[in-house]
Every structure is written in C-alpha cells, then in structure tokens.
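Enquirer:
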Amino acid sequence: MKTLLFLLPILCIQFVQFVQGRQNNCNSELADQIVSFESNNWPGYQVGLYEKRTKVTTLLLSLVWAGRALRPGTLWMTEQCRDQLCFSRYKYDAREMGDYFKEIVDEKNYFYMQRFGGLRVDLVWSHDLDDWKNAKPSKSASFFPGFDVFCDKCDRLKYCTVVTKKNDIDKWNRDKIGKMMATGDGWVRFEEFSQNEKWTITVHDKNKIPDSYLGPNSALSVNISPVLSFIVLYYITQNII
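Numbering (numbering that gives the first Met the number 0), first residue to last: 0 to 240.
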C-alpha cells in the first residue's frame with residue numbers, strides 16, 4: 000500500500016505528460032498574430048485584464064464576458080520569444096500621446112512568470128525583452144515571459160493549453176509546469192493540475208483591428224470585479240430558472 004501511495008503522484012505526472020504529448024505545439028502558427036482566449040468551460044468568457052486599485056495599481060488576468068462579439072479588451076498580441084510565445088497589450092493609448100511621448104507609444108504590458116512570485120502582468124520595456132530574447136538561458140534568471148501553446152489541431156485551435164515551465168518555482172533552474180486555467184470566481188491563473196485549462200483560441204485579422212482596441216482604455220473600460228460578475232450572473236440565472 001505504501002508503494003502504491005508513493006507511485007501515485009509519479010503516475011499522475013506521467014499521465015499529464017502523455018496527454019500533453021498527444022497535442023501539437025502551435026507556437027509557430029500563432030506568432031505575430033492578434034488572438035483571444037475563450038474558456039471551454041465557460042463559453043463566452045475570455046481572458047482580459049482587471050485593474051485592482053489599492054495604494055498601488057495592480058493588473059490581473061481575469062475572465063471577461065465577450066459573448067460572440069469582438070471585445071477589444073480581450074485581444075492579445077503575440078510575438079516569437081526564443082522558441083516560445085509572448086503575449087501583450089499596449090501600455091499606453093496612442094490617441095492620448097503627444098509628440099513628446101511618441102517614443103514610448105509602442106511599449107506594452109505583458110503577462111509573464113517570476114521565479115518566486117508567479118504570474119504577473121506589467122510593463123516590460125522593449126529593450127529588456129529584446130535582451131531576454133537574445134540571451135542564453137541562465138540559471139540566475141528570474142523573469143520568464145515565454146509560453147508554449149499546445150492544441151489538438153493547430154488549424155482549428157479548439158482545445159488548447161497555454162503552458163509555462165516556470166510556475167512559481169522554489170528552486171533555481173528548476174522547471175515546474177503550469178497551465179493557464181480559469182478559476183470558479185473568474186480569475187485566470189497557472190496551475191500544475193487543473194480541469195479548466197482548455198481554451199479556444201481565435202486568430203483575428205490584424206488589418207481590421209485598430210490599435211485603440213489593443214490599448215489600456217479598451218481593456219479597462221469595465222472595471223468590475225470578476226467575483227462580482229459571477230455573483231450577478233448566478234443571481235440572474237437562478238431567477239430565470
């Protein structure tokens with residue numbers, strides 16, 4: 000019995016690796032695109048931003064209701080980061096920038112992993128990201144903006160998993176898989192084991208997306224807590240039933 004208990008975690012890890020191994024790596028197909036992530040568990044809800052305002056304003060990933068419409072606040076730019084993908088939105092709104100600030104109009108907020116802090120959404124200066132792209136992997140690194148996307152089929156993108164190898168790890172240079180998942184109260188996090196990690200990814204025509212759709216105003220125009228959104232949705236559903 001003790002042997003079985005010891006082997007159970009190992010078997011679980013191997014099973015996850017086996018399932019993931021059956022999916023295809025779609026990084027190359029998704030590079031340099033504008034995409035949105037829709038939860039397979041909660042259709043109509045997509046990955047967006049929530050602005051938590053305390054003494055210091057913090058950006059968090061959350062589920063945002065989009066339905067079948069194109070919602071600007073749930074669009075993400077992708078770019079090749081080494082052999083992985085980085086995901087970002089513009090930090091500043093170009094419509095509000097004067098000529099004095101035009102040099103920083105293209106700077107972006109990325110979601111990325113920290114070695115000891117886990118998931119974070121914040122400004123990453125373009126020159127810092129370029130340095131990371133061009134540098135060799137280092138044992139002392141603490142910043143990991145790269146993610147892998149695995150899907151059943153790269154031409155359909157219906158059952159996809161967004162994966163990091165650096166999920167709030169506690170030892171230097173150690174890989175710990177984390178998959179992007181939606182929580183029951185509306186947040187988006189990375190967990191090693193989850194039943195809510197499948198996403199439908201939509202690639203949007205860049206020629207039809209204005210830059211303003213990728214700016215901060217479009218993402219934060221509705222500053223309502225995801226928890227409150229789910230409470231309201233549950234209340235409405237119960238009253239309809």
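From the three backbone atoms N, C-alpha and C, an ideal C-beta is built for every residue, glycine too. The model shown is predicted, which means the values in this text are computed figures rather than measured ones.
1) Using C-beta distances below 8 Å, list every residue in its chain close to residue 247, excluding the 5 sequence neighbours before and after it, in chain order.
2) Tell me, please, which residues DSSP counts as bridged to residue 181.
3) Taking C-beta to C-beta, are residue 143 and residue 162 nearer than 9 Å?
4) To which residues of the same chain is residue 234 closer than 7 Å at the C-beta, ignoring the five residues directly before and after it?
5) Between the alpha carbons of residue 72 and residue 116, how many angstroms are there, rounded?
6) Can you tell which of 183, 199, 178 and 197 has its C-alpha closest to the C-alpha of residue 191?
7) Please report the distance separating the alpha-carbon of residue 68 from that of residue 150.
8) Closest to residue 94 by CA distance: which of 204, 22 and 103 is it?
9) With 16 other CB atoms within 10 Å as the buried threshold, where does residue 88 fall?
10) Helix or strand or just coil, what does DSSP make of residue 124?
11) Can you check which of these residues, 21, 49, 40 and 124, is closest to residue 186 by C-alpha distance?
12) Buried or exposed: where does residue 55 fall if 16 or more other Cβ atoms within 10 Å of its Cβ makes it buried?
13) Rounded C-beta distance between residue 148 and residue 59? I'm assuming under 8 Å.
14) Quick one: residues in its chain with C-beta nearer than 6 Å to the C-beta of residue 217, no 5 flanking neighbours on either side, listed in chain order?
15) Please go through the segment 36-80 and give each complete beta strand (DSSP E) segment of 3 or more residues, from N-terminal end onward.
16) Residue 123 to residue 106, Cα distance in whole Å?
17) Per DSSP, which one or two residues make a beta bridge with residue 165?
18) Using only CA atoms, which one of 129, 62, 159 and 188 lies nearest to residue 22?
19) Indicate whether residue 206 and residue 38 have their beta-carbon atoms separated by less than 9 Å.
Expert: According to the data block:
1) This structure does not reach residue 247, given that the chain is present from 0 up to 240, and the question cannot be answered.
2) In the DSSP output, where bridge partners are listed per residue, residue 181 has 187.
3) No, the pair does not count as a contact, with Cβ atoms beyond the cut-off.
4) Per-residue confidence for residue 234 stands at a pLDDT of 44, beneath the threshold of 50, marking its modelled position as unreliable; no derived number is given.
5) Looking at the two C-alpha atoms, the distance is approximately 25 Å.
6) Nearest of 183, 199, 178 and 197 to residue 191, Cα basis: 178.
7) Spanning the two alpha carbons is a distance of roughly 23 Å.
8) In terms of Cα proximity to residue 94, the closest of 204, 22 and 103 is 103.
9) Per the 10 Å Cβ criterion, buried.
10) Three-state result, residue 124: coil.
11) Checking every option, the nearest Cα to that of residue 186 belongs to 49.
12) Counting Cβ neighbours within 10 Å, residue 55 comes out exposed, since fewer than 16 surround it.
13) Not really, about 21 Å apart at Cβ, beyond 8 Å.
14) These residues qualify, in order along the chain: 71 and 72.
15) At a cut-off of 3 residues, the continuous stretches assigned as beta strand (DSSP E) that sit fully inside the segment 36-80 are 44-52, 56-64 and 75-80.
16) In this structure, the CA atom of residue 123 is about 7 Å from the CA atom of residue 106.
17) Residue 165 pairs with 175.
18) In terms of CA proximity to residue 22, 159 leads the group 129, 62, 159 and 188.
19) Cβ atoms of residue 206 and residue 38: not closer than 9 Å.
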